[in-house]
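Converting from the sequence shown to the numbering used here requires adding 6 to each position, the first position being numbered 1.
Here's the structure, in structure tokens; my notes come after.
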Amino acid sequence: MLAMMTVHVLHAGDGYTYLTRQVASGDTPRQAGESLADYYAHEGNPPGRWVGAGLTGLGISGQVTEEQMKALFGEGLHPDADRLIREAMADGASAEEAVKTARLGRRFPRFEPVDDEEWTTSIRAAYADFKAAHGRAPEAGVERDLIRWDVAGTILAGRFGRQPVDAERSHFLARLGRQQRQPVAGYDLVFTPAKSVSTLWALADEEVRSEVAAAHEAAWQGAFEWVEQEAGLTRVGTGGAAQIDTRGLVAATFDHADSRTGDPNLHTHVAVSNKVQGSDGKWRALDARVLHSLGVAASERYNTLIEEELRSRLGVRFVDEERGRGKQPVREIEGIDARVRAAFSSRRVAIEEVYAELTERYRAEHGHEPPKAVQLRLAQQATLDTREGKEDGVTLSERRQQWRRQAAEVLGDEAHVTEMIAAAVHRDSGADGTGVDVDELARRVVEEVQAKRATWKPWHLMAEAMRQARQHATGDLTAVAEQVAARAEALSLRLDPPELNPVPEVLQRADGESVYTVHGQRVLTSQAVLDAEHNLVQGALRTGGPVVGEQQFSAALRTIEEESGRTLNDSQRELARAFATSGRELVAGIGPAGTGKTTAMTAFARAVENTGGRVLALAPSAAAASVLGEELGVTAETLHKLIHAHRSGTVTEALRVDASTVLLVDEAGMAGTPLLDQALTLAREHGASVRLLGDPQQLAAVEAGGALRLIDERVGAVRLEQVHRFTDPDEAAASLRLRTGEAGADDFYLERGRVRGGTREGMLEEVYAAWSADTEAGQESVMIAGSNTDVTALAGQARRDLVAVGRVESDGIVLHDGNRAGRGDRVVTRLNDRTLPTANGKDFVKNGDVWEVLDRADDGRLRVRHTRHGGTLNLPAGYVAGHVELAYAATVHRVQGMTVDTSHALLDASTDRQSLYTALTRGRQDNRVYLVTDTLLGADGHDETGPARSPAQVFAGIIARDGAALSATTAQENAFREAHSLARLVPEVEDALDRFGHYPPGLEPWRPAPDAPEWITVPDSGGHPQVREWAARHVELIEQRVDRLTDLALAGRTDWSRELGLPHDDVSDEAVVGTRLVAAYRDRYGITGTDPLGARPEHGHQVEDYRRASAALENLRTGLARADERVPAPAGQITGEGPEQLQEPSAAERLRRHVHRSEDRKDDGEEQGTQDRLARAREQLLQRREARQGADRPDNNGVPRHGGPRRSGPQL
């Protein structure tokens, strides 16, 4: 078990009750000064305690009661609401008035109820009918699908008065399962030490046990105090524009010593209320953005504090224990036997298995997931079914005796348990930590962080500093870590700009930060990352490396097409030509899934070879490199291997790089920026060149990434456009919409019934049933999951069924994933090992290789055969135990680049669009996604779940979540753009004037109007003087921003304005005003894409703004249409130039001629007519401003003159 702090949302209503359900009866409260260990002489867990600086504003302390939890977390009232209401009514207040006296800020919002009763009743009846007819419940897969389909048809026919079409049924099913939304009442912070800490506490004597409990309490309290200091913030103003300080958090803590399953599990729940009192005295909602973003840093702080406390109290020593590939090591107490720790989790595993069986049986019987109350009953039944001996009313002393006996069974006897505990304590002297090199640790922190991401925030540095301090420091670890984190931030470069208009003190938080910034969200990077990105961009602008002549390329292309019998499409030819003939040091190519990248690269490789050159292909993994080399007929390796060989001086002939070499990096979107930078530097040193091929909209690098997208933005990439993979052209088109997250990207998948939803357990059943049916039908199918845990579960189910039908042996060797493998199984190796050759030395064991098990040995070895080339070898027992898994299912990362007939993917709401797109583009014929839309109660009865959502809701949420890697350069541009945007500037000035300024009588805050396109002036009277001066400067920034946006649009430098026909030589004043309004609307509401106004808003002020901007857009279009009638025909029509003379140059020609998009749009190339038009527009705007400002100057009596209505925000 990991030591950690986790964050779970608590919902209003009864979302808190799982915390109070396990509390001991009220007649045995925890007395003042009574230790946690002392309390557990009673049955159950101790009652909660109030903590947090925010309690001062409530006047409460001490023990938490059920009534107080219900008032605060259930209803959003003062914890002593019952008393306050009684007192108010005794003083004559009405019931409604009395409740108001107890309410903390606004009441929790109420949401419309969801009525799925017709569906629930109908599906339950249909399942009962099936069971009556067949003598069994329907099986997952086809049988249940048909029942759902028929029931949906019956319900819709009743509603429509006709038979529904298939798309209507599919949409109906995809929108089922949504439960009534519940407001957020708070957040449950759970502090849990490493399993070895709980084991030490469970088995030690009274003295040691008390020290462990005290260490845990000090650690979580220290971490919580830090969380309160950093995350105790709230939002004020329209749209929550400002983030202000609070007077602290209000929280209730609950100490638990074991899990509901009876295993030792020392942990503390800290239920933080969503109600906080702002620095202005008003109660509002907690701004949880900071709480969520600092979660990892808070977890690492707790881990550091628990180590520090236990080291100083008991002299224990913590050591790193590896937890597998890609996972952080876990720090455990040295000397606490891993076998004992594992035994103390066995009961939980047994209960979870029984609980899963019970819920599966319920689904099969009723056709839907069990309601929460039923889930709790099933969890309790699972606990009862697995108990041994007395369980009810077990005290801590009795539980400790059970644990001692269990540990003695594992180690041999009681004496060995005592020896283990004695050996674990008093190992470390707890030195004072002097002599720690803070600068060196800070450099390590930056190196670790920049290896994983292109940009970071202070919380990333703090988390890594805590890890480094635990490994390399002693004494006051948190103090050392804070020094290291501060120094690491000083070594980093800040990417977000300084404040354009620094706020006065009244608009600052206590720490001096502007209330218009989000605390802790500074965007940082390093010079090394920026240098690497710059080098790659410059490489795409420089010439270098071998060049294939046009005639030689054409000859190679003809040969390839004749030999393969396939004709490359235009985009494939263009990609191959650009890679071969451009003469650039670096060229990037982008190809969506299924666009035929391999075909184009084969032509490119032959063209290079025919001119005496050599293509060295590089892939993200050794297995992918092997396949790539075979497909292209070239030498292939991993990018890491190439760089390592040249660094270490162990370069083989296969990895030689010279002036005839072209390095082809496949799946370049998955390659880290530092690695690509090193590859380019290597190529430059030897006169070679680099070609990058990938898709930034598929999976990103696990390292600092975003380089491929950056090169495309800065220089341009050659694109493949035609999708070949899918048998259905509609699916090909849908995949491209999904790739970019376009509006309506979900339509195809919902209408075709490709999206299902339910609990994770239910979806595991559905995925397996669908995959099993496909494979039985002879199709090549793949099961995909977003987590290794789900992959393991799916693979295990597949093996159990194969054993049942006799295709694989029932017994087997335990693998790395906990499953077994025997003769007939398919396994996957997960670690490259070049010391294990196969195929007569032509290949070796690689991560991702799939093998068939031929035999197994008693000592744990496996005899396996490669499924692709047939090579055989013996896998050593150590390798099998550590790096072999069943191959029946795979993660999303493992399937990128794979093509099969059908795919079935299990994903949850945390998935991003790039992972979804990758998963839904593997199958030629059919691709389906099974979404986790609901969560069962834990087997221990804990309810940390929110209301269920429909599959359509979760699917839309995933599509909207853009997880594409961003380079530091792009992040910096985005930060500057956001800082200058109206989306930021307008709400800031609105909020400042709302709270400290003064609006002219009768005028509401900024609303755009087509007849008033100028921007506001700040009123001369009323308000805070400093705020008024700041607001005046802010308005100037707004005006400058809109000027710039208008100039860009009129010059045709934006996609949306080019779609309208700009630039234009004859633009009227009306068109200038319309352009200004539309450009401002887009910036104010973050509209992207070519649609000038984006989707029509449904609510809020934006609805009226949209209406006015839409009217201006119509005027703009009308003006441009009239202007077109006056403009002469294009020159080509006058001179008689043919269409071929007017065509755009090819991508290769643009690269050769250095005509990049970034240069196409430079101001230097503007025609004089365009310059005159912009000058006229600026002059007109200046004249309007001068007229407005003159009207606002005071007359001789000091009273401002008003030249028409003024508003408190910018006029569009």
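All C-beta atoms, glycine included, are put in the ideal place defined by N, C-alpha and C.
The structure displayed is predicted, hence computed values, not measured ones.
- Taking C-beta separations shorter than 7 angstroms and ignoring five residues to either side along the sequence, the partners of A586 in its chain run V554, F559, F610, A613 and V614, following chain order.
- In this structure, DSSP gives Q728 a state outside helix and strand, which the three-state scheme calls coil.
- Setting aside the 5 residues that flank it on each side, D683 is surrounded in the same chain by A538, N541 and L542, each with a C-beta closer than 7 angstroms to its C-beta; the list follows chain order.
- Taking 8 angstroms as the cut-off, the beta carbon of A989 is found no closer than this to the beta carbon of V1048.
- The alpha-carbon of V814 is positioned some 9 angstroms away from that of R832.
- For the 8 angstroms CB-CB criterion, E375 and G768 form a contact.
- With the rule of 3 Cβ pairs closer than 8 angstroms, the region 314–331 counts as touching the region 218–234.
- With contact defined as three or more Cβ pairs closer than 8 angstroms, the region 907–926 and the region 961–968 are in contact.
- With distances taken between CA atoms, T127 lies nearest to I161 out of I161, Q74, G141 and S100.
- A straight-line Cα-Cα distance of about 8 angstroms links A625 and L634.
- Remark: C-beta atoms of L698 and Y923 do not approach each other more closely than 8 angstroms.
- A residue is called buried when at least 16 other Cβ atoms come within 10 angstroms of its Cβ; G68 does not meet this threshold and is exposed.
- For K201, the enclosing alpha helix (DSSP H) has its first and last residue at K201 to L209.
- Distance between A430 and Y22, taken at the CA atoms: about 38 angstroms.
- In this structure, A94 places its C-beta atom within 8 angstroms of the C-beta atom of E103.
- At a Cβ-Cβ threshold of 8 angstroms, L483 and A594 do not count as neighbours.
- In this structure, DSSP gives L292 an extended state, which the three-state scheme calls strand.
- P270 and I427 have their C-alpha atoms roughly 15 angstroms apart.
- Taking a cut-off of 8 angstroms on C-beta distances, the region 518–538 does not touch the region 630–650, as fewer than three cross pairs fall below it.
- The region 1032–1106 contains, as complete alpha helix (DSSP H) runs of 4+ residues, the segments 1061–1066 and 1075–1090 (chain order).
- In this structure, Q489 sits away from L943, with a CB-CB distance that is not shorter than 8 angstroms.
- Distance from the CA of F1002 to the CA of R449, rounded to the nearest whole angstrom, comes to 45 angstroms.
- DSSP places H910 in no alpha helix (DSSP H) but in the uninterrupted beta strand (DSSP E) bounded by V906 to L913.
- Around the beta carbon of L868, 16 or more other beta carbons lie within 10 angstroms, which makes this residue buried.
- When DSSP reads this structure, G192 sits in a beta bridge with L16 and S279.
- Counting every other CB atom within 10 Å of its CB across the protein chains shown gives F230 a total of 16 or more, marking it as buried.
- When Cβ pairs closer than 8 angstroms are counted between the two stretches, the region 876–889 is seen to touch the region 846–861, the count reaching three or more.
- Within the region 753–812, the complete alpha helix (DSSP H) segments at least 4 residues long are 753–757, 766–782 and 794–810, listed from N- to C-terminus.
- When the five nearest sequence neighbours on each side are left out, the beta carbons in the same chain lying within less than 8 angstroms of the beta carbon of V901 are those of V788, I790, S909, T924, A925 and R928, in order along the chain.
- An exposed status is given to S403, since fewer than 16 other beta-carbon atoms sit within 10 Å of its beta-carbon.
- Within the DSSP bridge table, the entry for G747 names no partner.
- By the Cβ criterion, the region 790–799 is not in contact with the region 853–864, since fewer than three pairs of Cβ atoms, one from each stretch, lie closer than 8 angstroms.
- Here DSSP, grouped into helix, strand and coil, assigns H84 to coil.
- K463 and V336 have their C-alpha atoms spaced approximately 24 angstroms apart.
- A contact is defined here as three or more CB-CB pairs under 8 angstroms, and the region 167–186 fails this definition with respect to the region 199–211.
- Of the residues assessed, F114 falls on the buried side of the cut-off, its CB having 16 or more other CB atoms within 10 angstroms.
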